[in-house]
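K.L.:
Sequence order for the protein chains is W and D.
Everything in the first sequence is counted per the working numbering, starting at 478 for the first residue and increasing by one.
Everything in the second sequence is counted per the working numbering, starting at 96 for the first residue and increasing by one.
Sharing a structure with you now.
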Amino acid sequence: MFHLRLVRDNTRIPFMKGRHAGLIVSALLSLASVILFFHPGLNYGIDFAGGIVIEARTPQAADFPSLRHTLSGLNMGQVQLQEFGSPQDVLIRLERQPGDDAAQQRAADQVRATLAKEIPGTQVRRVEAVGASVSGELFANGMIALGLAMVAMLVYIWFRFEWQFGAGAVVTLLLDITKTVGFYAVTDIQFNLTAIAAILTIMGYSVNDKVVVYDRVRENLRIYKKMPLRELIDLSINETLNRTLGTSMCTFLSVLPLAIFGGEALQDFGIVLIFGVIIATSSSIFIAAPILLFLGENRLRRGSPDSEQPAAATKPAP
Amino acid sequence: MLYFSRWKIYLILAVCAAGVIFALPNFFSRETLASLPSWYANSRVHLGLDLRGGSHLLLEVDMAAVVRDRVEGLVDSARSQLRTGNIGYTAITPAEKGLTVRLRDPAQADEAVKQLRQLNSGNAGVLGGGTPELDVAANGDSVTVTLSEKALRDRATQAVEQSIEIVRRRIDETGVNEPTIARQGGDRILVQLPGVEDPDRVKRLLGTTAKMTFRLVDVNGDPAARPQPGMEVLPSAEGGRGPAAYVVRKKVEVDGANLKNAQAGTNSQTGEWVVNFEFDSVGARRFAEVTQANVGRPFAIVLDNKIISAPVIREPIIGGRGQISGNFSAQTANDLAVLLRAGALPAPLTVIEERTVGPDLGADSIRAGLISVAVGFVLVCGYMLAAYGTFGFYACVALLVNIILTVAVLSLLQATLTLPGIAGILLMLGLAVDANILINERIREETVRGRGAFSAMETGFRRAYATVVDSNLTTVIKMILLFIFGVGAVKGFSVTIIFGILTSMFTATVLVRLMMVAWLRRHRPSMLPT
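Structure follows, in structure tokens:
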């Protein structure tokens, strides 16, 4: 039987030696992401900014310059044209039209009519028009979901472990999320409802990853009562390294097809998730563990029976 | 731990078999499904609009118009009420939520308040609860009448409910299959129309208030001049076949609400498209009275403040039937008939969100989704086989069963599969296999530490179990939040992940264990290969 190992067994990589470097690099990246979030800012999709998206398939390869000229002639503000999939597929984006919600509808109808007149045989395959009131609510709901998810994670880990673990996980999550937002800013990928789903997924995946390392730390705390926390965390990371990398590999392999075959809507989702898998995996090792070390030194070690108790109590019977 | 009683094995296999059975209807052709009992044939995953094609419209009821209408009516009734009470006033000014009456004689203020309170009695009963609809208060020589908050709220609810009813009737007429029409929030209506590629007609039908009135035309009035009190100038929609605008009386002689039926047809003489209508008994009587008294004068048919036509009354119409001719095509005549039959909306509706997907794009998305899932499955299985050999193969079997079970659960719940839902299935592949990796790594670890095969497996499963539960529960929590706050298609993503994760707990810990134990019993190795 051939067994592919991503890393060999019994590694003893001293990850905690690089804890300062890891935290500093991560903090700088997150800081840069926050700056990017405000300037130049995110490319908000119509879910959050309002506006119109029309996907059309032209009978021949689309003539972009003339199409752009025709559509700018409608005086609807900036018109973005984008090819995707085949040269016949055109994605038309219009910013939110001034005026009431009905203005979006009128504009969308006008673009349809213009397409039908200028390029006969054009198939309008998708139309989305979102007005200002709806987009504002969608954005608010998305943010509430992210905030609540964060709180839920904190509470869950706090109950299952100890507060040091919960704090470590949530700080790491914040760093992960800011970087993901920064990724949206750098790549100019549309930030819309799917982006909220992507961020929540990355959060889920990231916490999932941390829980495994933390579980092992908790277990080792009971086994090696005398080992310094720093060594113990290194040991726990090394022991779970194959799992961490293996799961990351599987998740990466499963979202890869999305990034390749996903079509207009899911391609971005797949790309962001791939980024998220890399971020979450590295943060399990280089961020979540060092934070636990900082918060837990002298605390998690002292009075071992004390720290043992909640761990033993919550262990479910198999 | 490693012992499976016979009935437990049967139960596990039965669950898997049930999964296959309930997942199957999704793959049957239409003909096969028709021959199956409906409870079974109906347990299928429903495709979201983004996959099957269709239109999602979010409509908003114009509440300002509802209140404005009510205030206008209030001004009229206040005027006649004050006249009956012989109370002199200089002006009645409508306000945002009521009106102000300026009295000629401040001494009459109390009497005026009493009179205006009378306006309440009629409506208080309708709105129920005994709470007065109007707050009436005097202040020197002016009296203010304000609609109470409760009255406004009741009226809004009423308007939305009525609108939903009318929207349903209108959409039913267009022959759309399985439309969803639901109230959303305070003043919104969600309309989902599967299979409608061009929603323009529906939007037009819904965008028309269709308030029809019959009013007398002032033949001497000049549309260009300022209208006399009680008159107004309305534009014509006849399309250049008459004057561009008419002066008509504000007073509504007969209301569209009194219509019993309306049908499109052709005029036997001219061959033009017309709409034939029929009044109920009240409408027929009113119509007869008006036409009798006004022979020779034009009678305007007004739809949403536009005059469709203004024929001259040649003779009294007593049968309660009439005909609207205008510049109609077959389609517009039909649409008008639909609108008249369905009744008027209490207030205009605005489309505030539209998402329309053509059916062929939906089919393309399904194809892209299936290819992605297949490729993802092969890649993940490839890795598992390479990393864990036989045990990796068991994980792949579990993964396949997991997908089947997820589809089965979604089918039983008749959940909706969306494009992000397909992404959810893919992501689930990666997350579900995590449990197997955890278990396999643990078993390996125990083996490396020198435990025998049975002991390593037992300890591995037991130790990994807590971790599996922890890591999966966090994901489920997050997806539940996404489901609560997510909208439309994103909800589908969270639903597939939630059920995918839950079923994976079964397949990864129970089914895989069963397979591994069977393998152990067959091969009886003293140590597991590492």
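Idealized CB from N, CA, C, for every residue including glycine.
#1: With DSSP run on the structure shown, which of helix, strand or coil describes residue 367/D?
#2: In three-state DSSP terms, what is residue 546/D?
#3: Kindly say whether residue 711/W, judged by its beta-carbon, lies nearer than 9 Å to any beta-carbon of chain D.
#4: Got a sec, what are the start and stop residues for the alpha helix (DSSP H) residue 734/W sits in?
#5: Would you kindly check if the distance between the Cβ of residue 278/D and the Cβ of residue 259/D is under 9 Å?
#6: Whole angstroms are fine: how far does the CA of residue 261/D sit from the CA of residue 430/D?
#7: Fully enclosed by the region 253-333 of chain D, which alpha helix (DSSP H) runs are 4 residues long or longer?
#8: Since residue 688/W meets chain D, which of its residues come closer than 8 Å, beta carbon to beta carbon?
#9: Whole angstroms is fine: what's the gap from residue 98/D's alpha carbon to residue 282/D's?
#10: Under 9 Å, do residue 142/D and residue 461/D count as touching if we go by C-beta distance?
#11: So is residue 578/W in contact with chain D if we call contact Cβ pairs under 9 Å?
#12: Assign residue 368/D to buried or exposed, taking buried as 16 or more other Cβ atoms, counted over all protein chains shown, within 10 Å of its Cβ.
#13: So residue 458/D packs on residue 481/W, CB below 8 Å; how close in whole Å?
#14: Cutting at 8 Å between CB atoms, please list the residues of its own chain near residue 517/W, excluding the five before and the five after it.
#15: Between which two residues does the alpha helix (DSSP H) holding residue 653/W run?
#16: May I ask you to report which of helix, strand or coil DSSP gives residue 494/W?
#17: What three-state label does DSSP hand residue 163/D in the structure shown?
#18: So that I know if they touch, is there some Cβ in chain D lying closer than 9 Å to that of residue 561/W?
#19: Under the assumption that residue 559/D contacts residue 534/D (Cβ atoms under 8 Å), give the Cβ distance between them as a whole number of angstroms.
#20: Quick one: grab the DSSP three-state call for residue 532/W.
#21: Between which residues of its own chain and residue 318/D is the CB-CB distance below 6 Å, once the five residues before and five after are set aside?
#22: I believe residue 615/W touches residue 746/W by the beta-carbon criterion, under 8 Å. Please report the beta-carbon distance rounded to the nearest angstrom.
#23: How about the region 506-513 of chain D and the region 138-154 of chain D: do they share at least three Cβ pairs that are nearer than 8 Å?
#24: Any beta carbon from chain W within less than 9 Å of residue 624/D's own beta carbon?
#25: Applying the 10 Å Cβ sphere with the 16-neighbour rule, what's the burial state of residue 221/D?
#26: Quick one: is the Cβ of residue 474/D within less than 8 Å of any heavy atom of the ligand MN?
#27: Can you list the residues of chain D that residue 603/W reaches, using a CB-CB cut of under 7 Å?
#28: In terms of DSSP beta bridges, what is residue 511/D paired with?
#29: For residue 268/D, which residues in the same chain have their Cβ closer than 6 Å to its Cβ, ignoring the five residues on either side in sequence?
#30: Find the nearest neighbour of residue 302/D within the set 408/D, 407/D, 152/D, 202/D, judged by alpha-carbon distance.
#31: What is the DSSP secondary structure of residue 465/D, counted as helix, strand or coil?
#32: Verify the CB distance criterion: does residue 482/D have a CB-CB separation below 9 Å to chain W?
#33: Given residue 501/D, which residues of its chain have a CB within under 6 Å of its CB, disregarding the five upstream and five downstream residues?
#34: Going by C-alpha to C-alpha distance, which of 610/D, 616/D, 456/D, 148/D sits closest to residue 272/D?
#35: With a threshold of 9 Å between beta-carbons, can residue 620/D be considered close to chain W, or not?
#36: Looking at residue 187/D and residue 203/D, is the spacing between their C-beta atoms short of 9 Å?
P.N.:
According to the structure shown:
#1: Taking the first residue of the second sequence as position 1, residue 367/D is located at position 272. Three-state DSSP puts residue 367/D in coil, outside helix and strand.
#2: The count along the second sequence starts at 1 and reaches residue 546/D at position 451. Residue state, collapsed to three classes: coil.
#3: Mapped onto the first sequence, residue 711/W falls at position 234. So, not an interface residue.
#4: In the first sequence, the residue the question calls residue 734/W occupies position 257. Segment 706-738, the alpha helix (DSSP H) holding residue 734/W.
#5: By one-based count along the second sequence, residue 259/D stands at place 164. By one-based count along the second sequence, residue 278/D stands at place 183. Yes, these two residues count as a Cβ contact at 9 Å.
#6: Taking the second sequence and counting its residues from 1, one reaches residue 430/D at position 335. Taking the second sequence and counting its residues from 1, one reaches residue 261/D at position 166. Roughly 14 Å separates the two Cα atoms.
#7: The region 253-333 of chain D contains these whole alpha helix (DSSP H) runs: 295-302.
#8: Here residue 688/W is taken as the residue at index 211 of the first sequence, counted from 1. Here the neighbours are 562, 565, 566, 569.
#9: In the second sequence, counting from the first residue as 1, residue 98/D sits at position 3. In the second sequence, counting from the first residue as 1, residue 282/D sits at position 187. Their Cα atoms are separated by approximately 60 Å.
#10: Sequence index remark: in the second sequence, residue 142/D carries index 47 (1-based). Sequence index remark: in the second sequence, residue 461/D carries index 366 (1-based). Contact: yes.
#11: For this step, residue 578/W is matched to residue 101 along the first sequence. Taking Cβ atoms only, chain D reaches closer than 9 Å to residue 578/W, which makes this a yes.
#12: Within the second sequence, the letter at position 273 stands for residue 368/D. When all chains shown are included, residue 368/D counts as buried.
#13: Taking the first residue of the second sequence as position 1, residue 458/D is located at position 363. Taking the first residue of the first sequence as position 1, residue 481/W is located at position 4. Between residue 481/W and residue 458/D the Cβ distance is about 38 Å, and since that is not below 8 Å, they are no contact.
#14: What you label residue 517/W is simply residue 40 of the first sequence in a count that begins at 1. Contacts found: 662.
#15: Position 176 of the first sequence, counting from 1, holds the residue named residue 653/W. Run containing residue 653/W: 640-664, per the alpha helix (DSSP H) assignment.
#16: By 1-based counting over the first sequence, the position of residue 494/W is 17. Helix.
#17: Taking the first residue of the second sequence as position 1, residue 163/D is located at position 68. Three-state DSSP puts residue 163/D in a helix.
#18: Looking up residue 561/W in the first sequence gives position 84. Judged by the 9 Å Cβ criterion, residue 561/W is not in contact with chain D.
#19: Working through the second sequence from its first residue, we reach residue 559/D at position 464. Working through the second sequence from its first residue, we reach residue 534/D at position 439. Correct: roughly 4 Å between the Cβ atoms.
#20: On the first sequence, position 55 is the one that residue 532/W refers to. Strand.
#21: Position 223 of the second sequence, counting from 1, holds the residue named residue 318/D. For residue 318/D, where only same-chain residues beyond five positions count, the Cβ hits under 6 Å are 328, 340, 342.
#22: Counting from one through the first sequence, the residue named residue 615/W turns up at place 138. Counting from one through the first sequence, the residue named residue 746/W turns up at place 269. That pair is no contact at about 17 Å.
#23: yes
#24: As a first step, residue 624/D must be located in the second sequence, where it is residue number 529. For residue 624/D, the nearest beta carbon of chain W is closer than 9 Å to its own beta carbon.
#25: By 1-based counting over the second sequence, the position of residue 221/D is 126. The predicted model places residue 221/D with a pLDDT of 47, which falls under 50 and marks its position as unreliable, so this point remains unresolved.
#26: By its list of ligands, the structure shown contains no ligand whatsoever, and the ligand MN lies outside what it can speak to.
#27: For the purposes of this step, residue 603/W is taken as residue 126 along the first sequence, with counting starting at 1. Near residue 603/W (Cβ distances below 7 Å), the residues of chain D are 451, 452, 453, 456.
#28: As a working note, residue 511/D is residue 416 in the second sequence. For residue 511/D, which the question treats as bridged, DSSP gives the partners 141/D.
#29: Here residue 268/D refers to the residue found at position 173 of the second sequence. The residues are 433.
#30: Start at 1 with the first residue of the second sequence, and residue 302/D comes out as number 207. The option with the nearest alpha carbon to residue 302/D is 152/D.
#31: Indexing the second sequence from 1 puts residue 465/D at position 370. Here residue 465/D sits in helix by DSSP.
#32: Within the second sequence, the letter at position 387 stands for residue 482/D. Yes, residue 482/D counts as interfacial toward chain W.
#33: Here residue 501/D is taken as the residue at index 406 of the second sequence, counted from 1. Contacts found: 594, 595, 598.
#34: By one-based count along the second sequence, residue 272/D stands at place 177. Ranking 610/D, 616/D, 456/D, 148/D by Cα distance to residue 272/D puts 148/D first.
#35: By 1-based counting over the second sequence, the position of residue 620/D is 525. So no, residue 620/D is outside the interface.
#36: By 1-based counting over the second sequence, the position of residue 203/D is 108. By 1-based counting over the second sequence, the position of residue 187/D is 92. Taking 9 Å as the Cβ cut-off, residue 203/D and residue 187/D do not qualify as a contacting pair.
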